[in-house]
Every structure is written in C-alpha cells, then in structure tokens.
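K.L.:
So in our numbering, spot 123 of the sequence shown is number 123, and the numbers just go up one at a time.
Here's a structure for you.
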Amino acid sequence: MKNFALIGVAGYIAPRHIKAIQDTGNNLMVAMDKFDCVGRLDSSFPDCSFFTENEQFDRYCTKQMHSDNPLSWVSICTPNYTHDSYIRYGLRLGCNVICEKPLVLNPYNIDNLLEIEQSTGHQAYNILQLRLHPAIVALKKKVQEGPKDRVYDVDLTYITARGKWYYASWKGNESKSGGIATNIGVHFYDMLQWVFGPVKENIVHVMSFDRVAGYLELEKARVRYFLSINADCLPENAVEGEKRTYRTLTIDGETFEFSGGFTELHTESYKQILAGNGFRIAEARPCIEIVSTIRHATPIGLKGEYHPLAKLPLSPHPFTV
C-alpha cells in the first residue's frame with residue numbers, strides 16, 4: 001500500500017482520482033485545496049489530513065517524508081495553469097507524480113519538467129485515459145494493421161454546454177485554462193494523433209471564447225473538428241433528449257462509438273501507472289504542441305476543409321453589457 005497526497009481535492013475531477021486510489025488498494029494520506037467543501041473524503045478516506053493553505057500542506061508533507069511512513073505519490077487535480085508548478089513540487093518533495101490533463105499549457109514546460117525528473121530521480125505521469133479505452137485501442141490496432149498508404153477522413157464534434165459561471169471561473173480565462181481547445185479538447189487531440197500519427201498540418205478556421213473549429217492533417221487522417229461549450233451549438237436531437245453534451249466521431253462516414261466505458265478509465269490509468277506502464281510526461285508533448293499551436297493561431301475563416309458546424313453564427317460574450 002502506497003501513501004498518496006492529492007492537490008485539488010475539491011475539484012470536479014478529484015472524485016475519480018480518490019476512487020482510483022481506493023480501488024488500487026492505496027491510502028490517501030493528505031489532501032489540499034483552497035476550498036473546504038471536501039466532505040467527499042468521508043466515504044473513502046475519513047482519516048485523510050486536509051489543508052487549505054500551501055504552507056500548511058508543505059509542512060505536513062515535508063515532515064512525513066522524514067518519517068517511517070512517507071508519501072510515495074502526489075496526484076494533481078488543480079487548475080490547468082498550476083499543473084507545472086505542482087508537478088515540480090511533487091518531484092522535489094521526493095515523490096512520483098500523477099497529473100490530470102492537460103499536463104502543462106506550453107511545450108517548453110515539458111522540457112523543464114524532464115530536467116527536474118532527471119535531477120530528482122522521480123517520475124511524472126499524465127492521465128491520457130482515452131488511450132486505454134478498449135474501442136480506441138482496437139481502432140489503433142486496426143489502423144496499424146491496415147494498408148500503409150490509407151488516409152482516413154475523420155470528423156470530430158464535441159459540444160459540452162457550460163453555463164455563465166464558466167466565464168467567471170479560471171476556465172474562462174485563456175491564460176489559466178489554455179482556452180477551449182486545451183480545456184475540453186486536449187485528450188481528443190491526443191487520442192487522434194496516437195491513433196493516426198503525427199501532425200503534418202494544423203489549421204484553425206474559427207476560434208472564439210466558446211468554440212474552436214479547425215483542420216488537422218495527420219499522417220493517416222484528415223481531421224475536421226468542432227469543439228464548443230455553447231448550448232446553442234447543440235443539435236436538435238441532443239436538445240430534445242435533454243442532453244447537455246454531444247459527442248460524435250465519424251471515420252470515413254461511419255460513426256465510431258466510444259461513448260461508454262469512461263467511468264473506470266482513471267482507475268485503469270492508476271493501475272497501469274503503479275505497474276510501471278503509465279504515460280510519461282514526454283508522451284504528452286504531441287497533444288500539448290497541438291493545442292499550443294491552435295491557441296496561438298490566426299483563424300483563416302471558412303476556407304478549405306472546415307467542419308460544417310464552423311458556419312454557425314458566433315455568439316456575444318455572456319459578460320458583454
């Protein structure tokens with residue numbers, strides 16, 4: 001049994017990490033978050049120490065590292081822009097690290113982390129859970145075993161409606177979240193390049209505070225994508241079904257189904273990491289390069305191979321008076 005520290009325990013994704021720690025037979029020894037609504041700990045780790053300030057948390061962790069029952073792992077579920085600093089903290093503390101996606105916001109951050117890994121002798125891992133989805137593993141095998149010169153036509157649509165709160169939170173601040181492509185799309189871009197090979201061309205057609213549409217030419221795929229957090233972009237069948245999320249992936253005109261099987265992927269990620277088979281930080285570089293390029297791109301408008309939903313009219317910012 002290994003001892004874990006969890007930073008960002010009050011966050012949205014933290015319950016999946018708590019469950020994964022429990023399901024793999026390990027112990028959550030200490031957690032930290034500036035928000036104190038963490039009653040979720042009671043059902044799994046009621047003896048977990050909890051702090052709302054970095055200084056108190058660091059004091060506890062440092063003391064524990066010099067005890068006969070030290071921490072072994074630090075899990076990070078904090079806002080995107082803090083991942084880099086907390087990964088460095090965990091490595092320097094003397095632990096291995098598991099970090100939520102996106103690993104970092106910029107490719108050069110990966111270079112810095114690789115240096116710290118080498119100097120500390122500890123490792124950091126990224127949650128890239130779609131690489132463990134059985135349907136996507138099977139798709140990758142099919143592509144690898146298919147004709148070497150085949151290039152697939154892929155359309156990705158992902159709309160996950162968010163309310164006005166989103167724009168007042170760190171998620172609505174591009175410098176903190178990385179923008180729409182990074183915050184809701186990085187794992188899809190990772191999955192696509194993992195299956196279809198490296199990027200040859202990265203074009204952005206439309207980009208605003210609530211959506212991004214573009215074209216990725218990969219080694220074995222031509223990908224048109226549309227990502228949005230605006231409910232007005234949802235198709236009628238999603239609205240009529242009272243769904244706030246719409247996700248489709250078509251490959252050569254056929255729907256690729258991978259909607260199910262998401263709930264246990266964090267636990268499977270932890271199992272693989274603890275067995276020494278997790279995805280190291282260098283493996284996150286391709287998807288971080290993709291979203292960084294998108295974030296800094298100048299949209300070209302409706303030219304070339306654009307996603308059909310890119311034609312939807314842009315919405316005014318909800319904070320516009």
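The beta-carbon is built from N, C-alpha and C at its ideal position, and this holds for glycine as well.
Quantities reported herein were computed from a predicted structural model and do not represent experimental measurements.
1. Is there contact here, the segment 207–225 with the segment 298–312, by at least three beta-carbon pairs under 8 Å?
2. Going by beta-carbon coordinates alone, are V195 and L139 separated by less than 7 Å?
3. For K2, which three-state DSSP category applies?
4. Since V326 contacts V154 with CB under 8 Å, what's their CB separation in whole angstroms?
5. Going by DSSP in three states, E268 sits in which element: helix, strand or coil?
6. When burial is assigned at 16 or more other CB atoms within 10 Å of the CB, is C37 buried or exposed?
7. Can you name, in chain order, every residue of its own chain whose Cβ lies under 6 Å from the Cβ of N109, other than the five neighbours on each side?
8. Please work out which residues of its chain come closer than 7 Å, Cβ to Cβ, to G8, disregarding the five sequence neighbours upstream and downstream, and give them in chain order.
9. Go to T248, then tell me how far its beta strand (DSSP E) extends in each direction, as first and last residue.
10. Is M191 closer than 7 Å to I136 when the C-beta atoms are compared?
11. With the cut-off set at 7 Å, would you say S292 and P107 are in Cβ contact?
12. I need the boundaries of the alpha helix (DSSP H) containing V137, first residue and last residue.
13. Using DSSP with H/G/I as helix, E/B as strand and the rest coil, what is V186?
14. Thinking C-beta only, is I98 closer than 7 Å to Y81?
15. What is the DSSP secondary structure of S208, reduced to helix, strand or coil?
16. So what does M29 bridge to, in DSSP terms?
17. Any idea if E117 is buried or exposed, counting beta-carbon neighbours within 10 angstroms, 16 or more meaning buried?
18. List the DSSP bridge partners of R273.
19. Check the C-beta distance from A168 over to F226 and give it rounded, since I have them as a contact under 8 Å.
P.N.:
On the basis of the supplied data:
1. yes
2. yes
3. coil
4. No answer is possible for residue 326: the residues shown for the chain start at 1 and end at 321.
5. helix
6. exposed
7. D84
8. A14, D33, I76, C77 and T78
9. T245 to I251
10. yes
11. yes
12. P134 to E145
13. helix
14. no
15. strand
16. Beta-bridge pairing links M29 to no other residue.
17. buried
18. Looking at the sequence itself, residue 273 is Ile, so the reference to Arg does not match. Note: I273 sits in no beta bridge, so no partner.
19. The pair is not a contact, with the Cβ atoms about 25 Å apart (cut-off 8 Å).
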